[in-house]
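Using UniProt numbering, read the sequence shown as starting at 1 and increasing by one per residue.
From the three backbone atoms N, C-alpha and C, an ideal C-beta is built for every residue, glycine too.
These numbers come from a predicted model, not from an experiment.
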Amino acid sequence: MAEHGDHANTTDIAAADARAIEQLAVLVRDGDAQVKAYAAGALANLSYGNAANSAAIAAAGAIGPLAALVRDGDAQGKAFAAAALANLAFGDDVIKAAIAAAGAIEPLTALVRDGDAQGKANAALALAKLANGDDATKATIAVAGAIGPLAALV
1 MAEHGDHANT
11 TDIAAADARA
21 IEQLAVLVRD
31 GDAQVKAYAA
41 GALANLSYGN
51 AANSAAIAAA
61 GAIGPLAALV
71 RDGDAQGKAF
81 AAAALANLAF
91 GDDVIKAAIA
101 AAGAIEPLTA
111 LVRDGDAQGK
121 ANAALALAKL
131 ANGDDATKAT
141 IAVAGAIGPL
151 AALV
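Structure, rendered in structure tokens:
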């Protein structure tokens with residue numbers, strides 16, 4: 001019976017298999033609006049507090065499609081993509097740089113300014129994590145016009 005319990009705790013490991021992450025990255029890029037949103041939500045969940053999954057998500061090429069979804073998606077897609085970017089940016093300078101290089105700062109700024117409540121909150125968190133410890137990114141965020149919309153949230 002204990003063996004069964006041990007296997008029950010490996011569900012998240014199986015879900016985080018590199019092939020599954022690669023498929024989610026493809027879905028964020030190529031799915032319809034609902035599929036893109038759900039795939040972004042799954043990537044947000046997989047990246048939350050998990051550096052190995054975050055690295056796998058970045059390696060699978062998901063950062064660019066997530067940034068594009070923040071820019072071009074529906075409200076749910078934008079919110080989920082911003083959450084994924086926020087989780088990916090937590091504590092990894094290489095991934096933070098890749099997010100900035102993918103052009104995510106301007107759409108995150110637009111989402112803080114114009115999004116629904118969840119989108120605004122997730123975009124603000126993503127911008128905060130991107131800015132943490134990086135003066136150049138802080139300057140880029142300021143130049144993008146994020147300070148006013150961020151201040152309006154408090």
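Please state whether DSSP places I30 in a helix, a strand or coil. In the sequence shown, residue 30 corresponds to position 30, counting from 1. The sequence given here places Asp at residue 30; Ile does not occur at that position. Here D30 sits in helix by DSSP.
When you compare only the Cα positions, how much space is there between A86 and R19? The residue labelled residue 86 in the question sits at position 86 within the sequence shown. The residue labelled residue 19 in the question sits at position 19 within the sequence shown. Whole-angstrom Cα-Cα distance: 22 Å.
Cα-Cα separation between A144 and I105, rounded to whole angstroms: Start at 1 with the first residue of the sequence shown, and residue 144 comes out as number 144. Start at 1 with the first residue of the sequence shown, and residue 105 comes out as number 105. If you take the alpha carbons of A144 and I105, they lie about 7 Å apart.
How long is the line joining the alpha carbons of A152 and N132, rounded to whole angstroms? As a working note, residue 152 is residue 152 in the sequence shown. As a working note, residue 132 is residue 132 in the sequence shown. About 20 Å.
D114 (DSSP reduced to helix, strand or coil): In the sequence shown, the residue the question calls residue 114 occupies position 114. Of the three classes helix, strand and coil, the one that applies to D114 here is helix, per DSSP.
Just to confirm, are T140 and K96 a CB contact at a threshold of 9 Å? Reading the sequence shown from its first residue, position 140 is the one you call residue 140. Reading the sequence shown from its first residue, position 96 is the one you call residue 96. Contact: no.
Taking the straight line between their C-alpha atoms, what separation do you get for L130 and F90? By 1-based counting over the sequence shown, the position of residue 130 is 130. By 1-based counting over the sequence shown, the position of residue 90 is 90. Taking the straight line joining both Cα atoms gives about 8 Å.
CB of I99 within 9 Å of CB of L111, strictly: Working through the sequence shown from its first residue, we reach residue 99 at position 99. Working through the sequence shown from its first residue, we reach residue 111 at position 111. Going by C-beta atoms, I99 is not nearer than 9 Å to L111.
Quick check on DSSP: helix, strand or coil for D135? Working through the sequence shown from its first residue, we reach residue 135 at position 135. Looking at D135 - three-state DSSP - the assignment turns out to be helix.
Backbone CA spacing between L66 and A101 [nearest angstrom]: If you number the sequence shown from 1, residue 66 lands on position 66. If you number the sequence shown from 1, residue 101 lands on position 101. About 12 Å.
Hey, Q76 and A37 are a contact pair by Cβ (cut 8 Å); roughly how many whole angstroms apart? Locating residue 76 in the sequence shown gives position 76, where the first residue counts as 1. Locating residue 37 in the sequence shown gives position 37, where the first residue counts as 1. Indeed they touch by this definition, with Cβ atoms about 4 Å apart.
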